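See below for the structure under consideration.
Protein chains in written order, with the numbering used here: chain A, 1 to 122; chain B, 1001 to 1264; chain C, 2001 to 2232.
Structure below.
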């Protein structure tokens, strides 16, 4: 997977977002063991300290937990993951609605457009 | 650490010396063959072979000097110096290693030179002449008693100290030359000549104050035994002189490498 | 000893040039730090001082609490900007050399990295291209398990693909007891592996901060900030 890190925002917060995505999309499934900090840092080509900071943040957010000798794991709390997924989805939706508003569509019109687009897809 | 530096120093230099030694022995044997056969039609090849032999000997002498200079300069004062001086090794150990190896090759070159001439010249005739010479020399030597051994020992010490001192004098000059960024060679050469001048001055001052005493001393040597003692003393003074100046150059070199290192 | 490198009122004066002007600095263990500044800013001088290649005019520089000497050279691994290896030796010879003089040299690691970068260890250094020589140097330096790595322009002369491999190697080598100080101009390439950066100009420390702090507070990359601070 490609880690797309922008240069004008703190790296660790971008890492937090990207790992969240990996968790909610199931690429790192609930209860699975994460690779070591060093491996993840190497994959993302970032400093291990920065990766550590991001993972600590996710731990305090409740998406990850660590067992002293065995390493870090994704939480088994499926509800929690669902929650995160939903709130991420909500941000995307709200952003979409804002963008549509900028185009001049109100909320109802935006929803209608989505439904017709979805039908075409199928 | 010194041993390790010596190992690599010898590795670096043997690639140059050993082939030349081998070449010398080869030509010694070729010449020996020509001399033994002594045929008219071989006159020209013999001349050529002998010339080559002499050239190689001269080459080895020049090579010893060149390599002594080049190893010190290249390994410590060019880009390689970045590696040398970041090794966990004291500065003086580097100088020690180079001095010892310079001594090693000087002695070896001399030995190989002598051996090759020997190999070339040895035949029944020369063996006879040599035995006769030895049969006269050995009793004369024994008559000196202990003094004889002392003189030989002093001679060896003098050769060793003089070679080491010569090497470190060159090193001191090179290090001074290195301090100038644009005219390294000239400044180094100048420093070397400068050392010679200073040595002369000091010796003259010292010598002139002692000259009368020295004259009296040598005039009073009449017996063989006292002549031998005279030789012992003279050699001893030579050793002291060489040691003092050698030590000065040694401390100068080390001090400059520690405090005034200028790697570009 | 918390700090691997400390400068206390460090001054270095060359005839005609004040290279370091009473610098005070503390670099902790376990960090990857960028030492950034234009040419002639004093970066190389500071690195040479840390290596004991030159001595301070006044003030102190301390590696793990000690002044530069044999004990610090044992724990510092230095990659200079130029090729400093003995030309006539083969790579195998150089590895043996490093093993002989440094007890913290990891032979296996060196051979692994050489293989990954496709370098034949039986070749003489003299026959190699500049880029390959630089790779070999870097491998030798990173194969030591040192406490302080001083890398002077480690990715300067190398192609972009090798650059990535080198940066990955640096990250991979990271251990929380060692510090890596990278002096470079290629900031944007190196930025994301740095914990902290130090901006130095004309012998003075202009800025010392973490990369994330800079991005958070200035909303720009370190590279962009650098260009601003050092605008000609």
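All C-beta atoms, glycine included, are put in the ideal place defined by N, C-alpha and C. Given the structure is predicted, the values throughout are model-derived calculations rather than measurements.
{"Query": "Look at the Cβ atom of residue 2045 of chain C, then the Cβ atom of residue 2020 of chain C, and state whether they are nearer than 7 Å.", "Result": "yes"}
{"Query": "For residue 2007 of chain C, count neighbouring Cβ atoms within 10 angstroms of its own Cβ and tell me buried if that reaches 16, exposed if not.", "Result": "buried"}
{"Query": "Check whether the stretch 1078–1091 of chain B touches the stretch 1012–1021 of chain B, taking contact to mean three or more Cβ pairs, one atom from each stretch, closer than 8 Å.", "Result": "no"}
{"Query": "Any chance you could list the alpha helix (DSSP H) runs of at least 4 consecutive residues sitting entirely within the stretch 18–48 of chain A, in chain order?", "Result": "37–44"}
{"Query": "Examine the Cβ distances between the stretch 2134–2150 of chain C and the stretch 2171–2178 of chain C and report whether three or more of them are shorter than 8 Å.", "Result": "yes"}
{"Query": "Which bits of chain A does residue 2116 of chain C rub up against, with CB to CB less than 9 Å?", "Result": "Near residue 2116 of chain C there are no residues of chain A at all, since even the closest Cβ is about 13 Å away, more than 9 Å."}
{"Query": "Name the two residues that bound the continuous alpha helix (DSSP H) containing residue 1036 of chain B.", "Result": "1002–1037"}
{"Query": "Consider the Cβ of residue 9 of chain A: report whether some Cβ of chain C lies at a distance smaller than 7 Å.", "Result": "yes"}
{"Query": "Suppose the cutoff is 7 Å on Cβ atoms and the five residues either side in sequence are ignored; what does the same chain contact list for residue 1100 of chain B look like?", "Result": "1006"}
{"Query": "Beta-carbon within less than 8 Å of residue 2069 of chain C's beta-carbon, same chain only, minus the 5 sequence neighbours each way: which residues are those?", "Result": "2052"}
{"Query": "Can you tell me where the alpha helix (DSSP H) holding residue 2014 of chain C begins and where it ends?", "Result": "No alpha helix (DSSP H) contains residue 2014 of chain C, which is instead part of the beta strand (DSSP E) from 2003–2014."}
{"Query": "The alpha helix (DSSP H) that contains residue 2100 of chain C, what's its start and end?", "Result": "2091–2101"}
{"Query": "Per DSSP, residue 2034 of chain C is paired with what?", "Result": "C:2182 and C:2197"}
{"Query": "Quick one: give me the first and last residue of the alpha helix (DSSP H) that residue 1175 of chain B is part of.", "Result": "1146–1179"}
{"Query": "Closer than 6 Å by C-beta to residue 37 of chain A: which residues in its own chain qualify, once you throw out the five before and the five after it? Chain order, please.", "Result": "48, 51 and 52"}
{"Query": "Can you tell me the Cβ-Cβ gap for residue 80 of chain A and residue 63 of chain A, rounded? I've got them flagged as a contact below 8 Å.", "Result": "7 Å"}
{"Query": "Which of the residues in the stretch 2180–2196 of chain C, read from start to end, lie with their CB under 8 Å from any CB of chain A?", "Result": "2188, 2191, 2192, 2193, 2194 and 2195"}
{"Query": "Taking 7 Å as the limit between beta carbons, can you name the residues of its chain near residue 2041 of chain C, skipping five residues before and five after?", "Result": "2200, 2201 and 2202"}
{"Query": "Determine the extent of the alpha helix (DSSP H) in which residue 1053 of chain B is found, giving its start and end residues.", "Result": "1043–1077"}
{"Query": "Using Cβ-Cβ distances below 9 Å, what residues of the stretch 1081–1093 of chain B are close to chain C?", "Result": "1081, 1082, 1083, 1084, 1085, 1086, 1087, 1088, 1089 and 1090"}
{"Query": "For residue 2128 of chain C, which of helix, strand or coil comes out of DSSP?", "Result": "coil"}
{"Query": "Is it the case that the Cβ atoms of residue 2079 of chain C and residue 2154 of chain C are separated by a distance below 7 Å?", "Result": "yes"}
{"Query": "What span of residues does the beta strand (DSSP E) with residue 2152 of chain C cover, start to end?", "Result": "2148–2152"}
{"Query": "Would you report the Cα separation of residue 1041 of chain B and residue 1047 of chain B, rounded to the nearest angstrom?", "Result": "11 Å"}
{"Query": "Could you give the DSSP three-state label for residue 1194 of chain B: helix, strand or coil?", "Result": "helix"}
{"Query": "Using a Cβ cut-off of 8 Å, which residues of the stretch 2110–2139 of chain C contact any Cβ in chain B, in chain order?", "Result": "none"}
{"Query": "Can you list, in chain order, the residues of the stretch 76–105 of chain A whose Cβ is nearer than 7 Å to any Cβ on chain D?", "Result": "Protein chains A, B and C are contained in the structure displayed, whereas chain D is not."}
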